[in-house]
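Following: one structure in structure tokens, then a few remarks.
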Amino acid sequence: MQYDFRRIEARWQKYWAEHKTFRAEFPSDRPKFYVLDMFPYPSGAGLHVGHPLGYIASDIYARYKRHKGYNVLHPMGYDSFGLPAEQYAIQTGQHPAITTRANISRYREQLDQIGFSFDWEREVRTSDPSYYRWTQWVFMQLFGSWYNKQADRAEPVETLVALFEAGGNTGVQAACDEDTPSFSAAGWKAFTREEKERILLKYRLTYLADTEVNWCPALGTVLANDEIVNGVSERGGHPVVRKKMTQWSMRITAYAQRLLDGLQKVDWPQPLKDAQANWIGRSVGASVVFHTQPSADQPESFPIEVFTTRPDTIFGVSFMTLAPEHGLVPKITTPDQKEEVEAYVEATARRSERDRLADVKRITGVFTGSYAEHPFTGERIPIWIGDYVLAGYGTGAVMAVPCGDQRDFDFARHFGIPIPNIFEGVSVEEQAFEDKASAIIANSGFISGLGQKEASQKVIEALEEKGQGKGKVNFRLRDAVFSRQRYWGEPFPVYYDAQGLPCLLPEHCLPLELPEVEKYLPTETGEPPLGNATRWAWDTRREEVVANEQIDFKNVFPLELNTMPGWAGSSQYFNRYMDPGNDRALVSREAIQYWQDVDLYIGGSEHATGHLLYSRFWQHFMFDRGWVPTEEYARKLINQGMILGTSAIVYRKSGTDQYLSKGLVGDTPVEEIHVDVNLVNAADELDLEKLRAWQPQYKTAEFILENGRFIVGREVEKMSKRWFNVVNPDQVCEEYGADSLRLYEMFLGPLEQSKPWNTAGITGVHGFLRKLWKLYHQGPDYRFEVLDGPPSAENLKSLHKAIRKVTEDIEAFSFNTSVSTFMICVNELTAQQCRNRAILESLAILVAPYAPHIAEELWEKLGHTGSISHAPYPEFEARYLVENTKEYPVSFNGKTRFTLELPLDLSREEIEKAVMGHEKTRHHLEGRAPKKVIVVPGKIVNIVS
């Protein structure tokens, strides 16, 4: 029987599903291995061939570990809350749950078709109430916790209350809001319930606060920085503005140092570690307080705190710059500057933080009209606002040292702000910037003659004496905004009492499920979409959701209208996979103690400062509270590269409806337009009839051919529907099979690198699979035939070369070179006419992680019952690669005439006897006696005649 991949693959996929072949055991006495993929967001478009790249790699490794005797946990699920489904619901009126279910069904069909060894009994969906119940539960635990800096861990809020009752908060070292007031034990006891709760909100690890956010009016929601591209929303390209809103936030800053230190404990790619370290942004310096100078317009003096890593440069300060959104701006702006300042603040709100940081050449700013006083010299320092300073970074204010910082210098020169000439005899413009620090120090009196470190310490000590500063470690990391003004997300298990204070639902009432709404847009009054719900109030007596009309602020209260962000559901899913059916805990103590953590995690580097940072934060918190045994949840992480699309380009002559074949373009001005790659054959020839049927603008277009054909241009770029270069894996599986797809994606190149897809290239690996099949079959009718008995030395050598190389490749995640090794091995065994059962059984197991369907079929034909998946992995034996013969080149008068294979252990005399007795030697001597025979054992034989 020929290689019928369609029948084989459908058969074994059905077998795996029916027999639950890949179910992870628990409890188990076997060693565990946990392989995890970043779960996908199920879009309506389904998978393209770029999506399975990481999944195939993880599947190979999971299958390999099963062969090695491990109890493998390899789960899959869906990140199924999110903005795309909600936007589709807004456009069509169809409930997001309906489209999400349909999209998941499509993904599951495609994933099964590729033959992944997922344990589908552990599937999770973040939009399933039975799952997001535990997301809500983690939120509640964060709300009930504070960060004890002295113990360096999170603790229950009850322990904080006990400290307040015993001695107030003056001796408490905690992560809290900067404006937290000081109070004694007596003061705490005198507070009302409302006052106590508002104080505790300043300590909780999730809390309500007025926060500058990225607001997208068109989408009616807050966006994270990574959801904004070039100042507009990634989804839809809508304008985004900065706006202050009351939001839930996560106090991730409490964990900044631990998140930084934890990077040293995990085997993650260095570029990803660097990205997180830069995002956390630890810097050592000083907090300096400048006081505004009172004036007739503003008689009150305000403190302005700045953070600097170079306190020794304080004597070079000539102006200050505040972020436009800084809270002091409206308070200190003088009446004659008010109009200009307000216009500037409004304009800045329309620019994203990312754009403001990136645009280093753009210099804008406005003078507030007010001045601050230098802590040491008493000089008047003008206070400006500029959009290069961000409220969310540092303190939102900088002390500008134009003689020491290029951007400060450019700003001062642009606006004509006087720059102190501290360089004696040299103008600032001519002074080399690398000399700036020593020049500043030399001019600063009590720190003269000291090095940078010593001078900075002197300045800090002097500031502390004056009560205007202190040494400080600062982090760039900001607390994470946790509210979204969306419908399709996790509801907060929170209602608001008569004083507007947040209160948690009882844990036994979880999950709080999303209500039905008629509209998925914000309300007419600007409330989030949940404001459209008519039953969205909490009855504290009956402990259930009731109609809004019953709200009386005595027993029935309004529920939170915001929902959680997309990263909420992915921040603990790796732990939930360990025990997904548990309705009493996120994960049982027994399960978490067995599975511990993820041994191998594969996913995209684009999540470095999103999911991968937030999930580490949640894991650290869960560790502190004793629910998980490890601080870091993933020991090893690999970022797979992208599979790029090879786009097809047609060239339209500018200003016409005429299209030129690629070879005719020359210097002609043309517009490059993408067309569907499925309309182009392997020779880059465009099917014009299909093109005209594809889009209406081509129906009447004129196409100029070359040699009777229309040839397109090619360009390698990101695979995307936008560029019409998406290749559907369904088509590849139908034409070549899933095993061919799996092998080809690995064969394209190293896993971590991006590489272009070329469907024509898949014929090579498909041909290899046919050759592999033929190795086990004989004759024109492909009769299965293997022979028992001992294998030959050649057979063993070919097999064990492959075992060694493939094993090394898998352990090093160099899957591309394994495919080449399989091809070499099969070619050698074919040339050897190998039919040996022992060899062919081991080869089937070796190939199984990469091409599991054909391996299963061959395994059954070899007489085995059950799946090949748990067959012991073949052991490499070096003895089979030890050479015991030598192929000697036999030369006559220095010219090689033939070769002769002889045992390595022959003596010089035995080698000479064997060569002289060979018929080819007699033929070349033609009856003459040799003058001399030169034998170099292990190398050559030369006959001089």
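Just so you know, the sequence shown maps onto residues 143 to 1087 in my numbering. Built from N, CA and C at the ideal position, the CB exists for glycine as well.
Which of the three DSSP states is assigned to residue i in this structure?
i, result
"V1083", "strand"
"H190", "coil"
"W526", "strand"
"W276", "helix"
"W357", "strand"
"S882", "helix"
"Y756", "helix"
"G903", "helix"
"E844", "strand"
"Q839", "helix"
"S1049", "coil"
"F1018", "coil"
"V374", "strand"
"G329", "helix"
Would you give the residue range spanned by the beta strand (DSSP E) that residue i belongs to?
i, result
"N958", "Here N958 belongs to no beta strand (DSSP E); instead the alpha helix (DSSP H) covers F957 to A973."
"V383", "V383 to M392"
"T463", "F461 to L464"
"M541", "A539 to A542"
"C645", "P644 to L646"
"V688", "E686 to V688"
"E515", "V508 to E515"
"Y637", "V636 to Y638"
"P298", "R295 to P298"
"S269", "That residue, S269, is in no beta strand (DSSP E); it is neither H nor E in DSSP."
"K1074", "K1074 to V1078"
"Q735", "Run containing Q735: none in the beta strand (DSSP E); it sits in the alpha helix (DSSP H), R731 to W737."
What are the residues that DSSP puts in a beta bridge with residue i?
i, result
"A790", "V817 and R856"
"I446", "F432"
"Q920", "R925"
"F617", "R424"
"L215", "Y176"
"E1043", "E1029"
Use the C-beta contact count for residue i: other C-beta atoms within 10 angstroms, 16 or more gives buried, fewer gives exposed.
i, result
"D951", "buried"
"P466", "buried"
"E572", "Since pLDDT at E572 reaches only 43, below the 50 mark, its modelled position is unreliable, and the value read off the structure follows with that caveat. That one is exposed."
"A574", "In this prediction, A574 scores a pLDDT of 43, lower than 50, which makes its location untrustworthy; the coordinate-derived value is nonetheless stated afterwards. Label assigned to A574: exposed."
"S324", "exposed"
"Q406", "exposed"
"R626", "buried"
"Q292", "exposed"
"A997", "buried"
"I1082", "exposed"
"V1077", "buried"
"A1071", "exposed"
"F695", "exposed"
"K1062", "exposed"
"Q144", "exposed"
"E983", "buried"
"L1023", "exposed"
"V615", "exposed"
"S1049", "exposed"
"E1068", "exposed"
"G593", "exposed"
Counting only C-beta atoms, is residue i closer than 8 Å to chain C at any point?
i, result
"P466", "Chain labels in this structure do not include chain C; a single protein chain is all it has."
Locate the alpha helix (DSSP H) running through residue i, then write down its first and last residues.
i, result
"A152", "F147 to H161"
"V869", "Here V869 belongs to no alpha helix (DSSP H), and DSSP marks it neither H nor E."
"N290", "Premise fails: N290 lies in the beta strand (DSSP E), S287 to N290, not in any alpha helix (DSSP H)."
"D681", "Element bounds for D681: not the alpha helix (DSSP H) but the beta strand (DSSP E), A679 to D681."
Closest to residue i by C-alpha separation, out of the options, would be which residue?
i, options, result
"W678", "T665, E702, D694 and K661", "E702"
"I853", "G879, V907 and D826", "D826"
"E970", "P898, F926 and K913", "K913"
"G188", "E251, V807 and Y513", "E251"
"P226", "A296, Y629 and Q144", "Y629"
"R346", "E369, I394 and E495", "I394"
"D501", "D529, S512 and G520", "D529"
"N978", "Q315, L401, F926 and G797", "F926"
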